[in-house]
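Residue numbers (full-length UniProt numbering): 1 to 87. Beta carbons are placed, not taken as given, at the ideal position from N, Cα and C, and that holds for glycine.
And the structure:
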């Protein structure tokens, strides 16, 4: 989404992003760090809130979808199922 709930998440400035980390962009948006991305640009700017531990091929395929001129996917990308586990 592009909106927000009206609150924010405190930045964790000492976190270094790694491949397949999940970052919180703001209180309602997240992103997944892909291999060969500019990970250093996320450090100190966003919080790491999780990590993809399986299904890497699915995540990698998302970056290959057709996008519009403003880099939004032409067709919606929908997460139908997710499992969140604590360490």
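Taking 8 Å as the cut-off, decide whether the C-beta atoms of residue i and residue j are in contact.
i	j	result
residue 59	residue 65	no
residue 46	residue 32	no
residue 17	residue 56	no
residue 82	residue 49	no
Going by DSSP, what residue range makes up the alpha helix (DSSP H) through residue i?
i	result
residue 48	Residue 48 -> not in any alpha helix (DSSP H); beta strand (DSSP E) instead, spanning 47 to 51.
Measure the alpha-carbon distance for residue i versus residue j and round it to whole angstroms.
i	j	result
residue 63	residue 79	14 Å
residue 86	residue 54	15 Å
residue 75	residue 30	18 Å
residue 39	residue 15	11 Å
residue 61	residue 44	27 Å
residue 67	residue 73	4 Å
Just to confirm the assignment, what range does the beta strand (DSSP E) spanning residue i have?
i	result
residue 21	21 to 26
residue 32	29 to 32
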